[in-house]
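Residue numbers (the working numbering): 17 to 540. Positions of the beta carbon are idealized from the N, C-alpha and C atoms, including for glycine. For clarity, every value in this text was computed on a predicted model and none was experimentally measured. Comments concern the structure below.
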Amino acid sequence: MFVTDFRKEFYELVHNQRVLLFVASDVDALCACKILQALFQCDHVQYTLVPVSGWQELETAFLEHKEQFSYFILINCGANVDLLDILQPDEDSIFFVCDTHRPVNVVNVYNDTQIKLLIKQEDDLEVPAYDDIFRDEAEDEEDLSENDDGGAEPSEKRLRLEGLEEEIVERNRKRRQRREWEARRKDILFDYEQYEYYGTSSAMVMFDLAWMMSKDLNDMLWWAIVGLTDQWLHDKITQMKYVTDVGVLQRHVSRHNHRNEAEENMLSVDCTRISFEYDLCLVLYQHWSLHESLYNTSYTAARFKLWSVHGQKRLQEFLADMGLPLKQVKQKFQSMDVSLKENLREMIEESANKFGMKDIRVQTFSIQFGFRHKFLASDVVFATMSLMERPEKDGSGTDHFIQALDSLSRSNLDKLYLGLELAKKHLQATQQTIASCLCTNLVTSQGPFLYCSLMEGTPDVALFSKPASLSLLSRHLLKSFVCSTKNRRCKLLPLVMAAPLSMEQGTVTVVGIPPETDSSDRKK
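Here it is, written out as structure tokens:
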């Protein structure tokens with residue numbers, strides 16, 4: 017069932033309990049987890065954290081811990097499946113589910129005792145009515161036994177026969193009604209479940225809880241911002257939804273970071289400041305060179321067609337149009353001339369408009385620790401994801417999860433900078449793989465969809481064995497393929513992509529990406 021009062025029906029229930037946290041392996045889930053951890057630390061709530069990256073891991077972890085806990089919190093997993101059917105828990109087990117995956121399973125919605133959904137009611141959920149999908153089994157009819165009418169009078173026989181005929185008609189009517197109800201139920205569930213999409217960021221939901229309890233901090237607000245940015249960068253929400261949620265967070269940013277000049281001068285050198293700004297849609301450009309950022313951003317790479325010689329010439333023309341010397345463009349952004357950096361955004365936006373790139377700027381947020389360390393929300397998303405999705409040879413999945421979780425704390429900036437370096441390698445490998453796929457015609461049409469498979473031995477193929485990394489590669493590849501092909505029909509086709517997961521076991525990871533032209537948030 018949906019929880020209406022998160023404070024009374026969720027937080028105050030677990031406040032004096034020992035709880036088990038199941039957290040999915042995505043950046044939004046990590047941010048929601050950080051906010052909840054901060055609240056638990058504030059109120060001395062005991063908890064155990066278990067990262068999960070699939071239903072098998074969730075089931076195994078639950079079986080291992082179910083005897084020790086009665087309260088379970090699931091972040092970004094569990095809402096879109098029948099949890100009770102999968103986990104088979106005891107009757108005293110209570111599950112609190114904070115999940116962005118949609119549609120929400122109808123059994124979870126109408127279970128009043130064990131499933132508590134921490135989901136915003138403002139989201140357009142369109143859950144079917146209870147009577148349309150559930151029916152009381154006690155209404156099933158009983159078989160009618162035939163009676164021996166040998167010694168009865170003819171008039172009594174006629175009455176009994178008439179009563180029997182009426183009962184048969186009634187039984188047939190009920191059967192027909194049940195068949196119609198089942199057919200209608202099947203259609204309703206098909207319409208409800210045929211598309212998968214995403215709702216409000218779990219990090220934003222947890223931040224709302226902290227705000228309602230007057231325990232929200234600047235750090236929590238930043239984690240909510242990073243969670244929302246993760247959804248936007250991975251195309252999980254529409255531009256309209258992103259802009260709306262940015263507006264909500266912007267009000268909180270103004271509330272937490274409003275200072276007058278006198279207060280500004282009294283701040284310590286390591287203070288935290290969050291700012292709303294329109295910034296360039298270029299990956300990691302403040303921690304890289306402008307040339308590398310332009311080359312490895314999917315938006316500019318696809319528009320310029322940088323996998324071709326002609327595309328690289330167009331990039332040179334773009335830089336010439338801005339009047340930026342190559343020496344300045346190819347050195348680190350922090351080392352560029354101050355006069356160039358001050359006007360860089362306007363220069364790039366003006367030239368981008370001439371080259372047909374009107375979406376080069378985007379609404380976003382930045383955080384600054386003291387005077388040295390400044391990060392955009394997208395920088396943190398890429399860094400955290402790269403730490404979490406490192407190949408298994410560099411350590412276990414749990415180790416990577418904990419390292420990614422730690423990188424979100426301002427006390428662990430060294431881990432965040434390590435994540436930024438890994439993200440650069442990841443983005444370079446992504447663009448090189450896209451160029452290889454397009455130049456060797458690995459993307460093929462299979463009728464109703466496009467298909468691409470990365471073979472064993474492909475350079476950096478291990479980086480794309482995890483779902484989030486492969487999904488990002490697939491989206492960027494589809495964008496570039498649509499820009500490179502002359503076949504208009506390909507713009508209407510989804511892409512299915514496969515990459516080796518384990519060479520020893522012979523397994524592969526497969527992801528499906530909706531068509532590039534589909535701007536709807538409800539995607540198959």
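Other residues of its chain near residue i: CB distance less than 6 Å, five sequence neighbours each side excluded
| i | result |
| --- | --- |
| valine 122 | Ile149 |
| isoleucine 383 | Trp238, Ile290 and Phe391 |
| arginine 426 | Phe385 |
| proline 119 | Tyr208 and Glu209 |
| leucine 225 | Phe22 |
| glycine 327 | Phe320 and Lys321 |
| valine 143 | Val125 |
C-alpha gap between residue i and residue j, whole angstroms
| i | j | result |
| --- | --- | --- |
| alanine 439 | aspartate 108 | 44 Å |
| aspartate 353 | glutamine 347 | 10 Å |
| aspartate 415 | serine 367 | 44 Å |
| leucine 454 | glutamate 80 | 46 Å |
| valine 259 | arginine 191 | 51 Å |
| aspartate 395 | arginine 194 | 56 Å |
| aspartate 246 | isoleucine 253 | 10 Å |
| phenylalanine 78 | glutamate 186 | 48 Å |
| glutamine 147 | aspartate 203 | The amino acid at residue 147 is misidentified as glutamine; the sequence shows aspartate. Straight-line Cα distance between these residues: approximately 14 Å. |
| leucine 205 | proline 530 | 22 Å |
| arginine 504 | arginine 189 | 53 Å |
| leucine 160 | glutamate 182 | Note that leucine 160 scores 37 on pLDDT, short of 50, meaning its location in the model is unreliable and no value can be drawn from it. |
| serine 412 | lysine 374 | 42 Å |
| lysine 507 | phenylalanine 465 | 10 Å |
| arginine 151 | arginine 201 | 10 Å |
| leucine 360 | histidine 303 | 15 Å |
| glutamate 158 | leucine 180 | Low confidence applies here, because glutamate 158 scores a pLDDT of 47, under 50, leaving its location unreliable and the question unanswered by this model. |
| glutamate 362 | serine 518 | 47 Å |
| valine 336 | tyrosine 315 | The sequence given here places alanine at residue 336; valine does not occur at that position. Each residue's Cα considered, the two are about 19 Å apart. |
| tryptophan 248 | valine 269 | 19 Å |
| alanine 48 | methionine 338 | 41 Å |
| asparagine 32 | alanine 240 | 25 Å |
Whole-number beta carbon distance between residue j and residue i, since they are thought to touch under 8 Å
| i | j | result |
| --- | --- | --- |
| methionine 17 | aspartate 101 | So it is not a contact: roughly 17 Å between Cβ atoms. |
| serine 217 | isoleucine 91 | About 11 Å separates the two Cβ atoms, so there is no contact after all. |
| leucine 74 | leucine 421 | Actually they are not in contact, since the Cβ atoms of leucine 74 and leucine 421 sit about 18 Å apart, beyond 8 Å. |
| threonine 523 | proline 483 | About 13 Å; that fails the 8 Å criterion. |
| glutamine 84 | isoleucine 110 | Wrong, their Cβ atoms sit about 14 Å apart, outside the cutoff. |
| leucine 103 | asparagine 124 | The pair is not a contact, with the Cβ atoms about 12 Å apart (cut-off 8 Å). |
| serine 490 | leucine 458 | About 12 Å; that fails the 8 Å criterion. |
| lysine 343 | glycine 215 | Contact doesn't hold; Cβ gap of about 47 Å is too wide. |
| tyrosine 311 | phenylalanine 349 | About 14 Å; that fails the 8 Å criterion. |
According to DSSP, residues forming a beta bridge with residue i
| i | result |
| --- | --- |
| cysteine 114 | Ile91 |
| threonine 460 | Tyr467 |
| isoleucine 131 | Phe111 |
| lysine 390 | Gln384 |
| tyrosine 213 | Arg118 |
| valine 526 | Ala514 |
| glutamine 379 | Tyr294 |
| arginine 289 | Gln384 |
C-beta atoms of residue i and residue j nearer than 8 Å
| i | j | result |
| --- | --- | --- |
| phenylalanine 480 | alanine 515 | yes |
| serine 551 | leucine 298 | Outside the modelled stretch of the chain, which goes from 17 to 540, sits residue 551, for which no answer is possible. |
| glutamate 358 | arginine 377 | no |
| phenylalanine 320 | leucine 331 | yes |
| leucine 509 | cysteine 468 | no |
| glutamine 448 | proline 475 | yes |
| threonine 380 | glutamate 293 | yes |
| isoleucine 51 | methionine 228 | no |
| glutamate 198 | lysine 132 | no |
| alanine 54 | methionine 236 | yes |
| aspartate 44 | threonine 116 | yes |
| leucine 141 | valine 113 | no |
| phenylalanine 334 | phenylalanine 371 | yes |
| asparagine 234 | histidine 274 | no |
| leucine 36 | phenylalanine 88 | yes |
| leucine 244 | leucine 265 | yes |
| aspartate 251 | methionine 220 | no |
| histidine 389 | leucine 429 | yes |
Close Cβ partners of residue i (< 7 Å) along its chain, the five nearest in sequence each way excluded
| i | result |
| --- | --- |
| valine 477 | Leu470, Ala515 and Pro516 |
| alanine 2 | The structure shown does not extend to residue 2, since the chain spans only 17 to 540, so no value can be given for it. |
| valine 527 | Pro483, Leu486, Ser487, Ser490 and Met513 |
Neighbourhood of residue i by C-beta distance below 8 Å, restricted to the same chain and skipping five residues each side
| i | result |
| --- | --- |
| glutamine 57 | none |
| glutamine 521 | none |
| valine 15 | With the chain covering only 17 through 540, there is no way to say anything about residue 15. |
| leucine 403 | His416, Gln419, Ala420, Ser423, Lys431, Leu434, Gly435 and Leu438 |
Residue i at chain D interface by Cβ criterion, 8 Å
| i | result |
| --- | --- |
| glycine 327 | No chain D appears in this structure, which consists of one protein chain only. |
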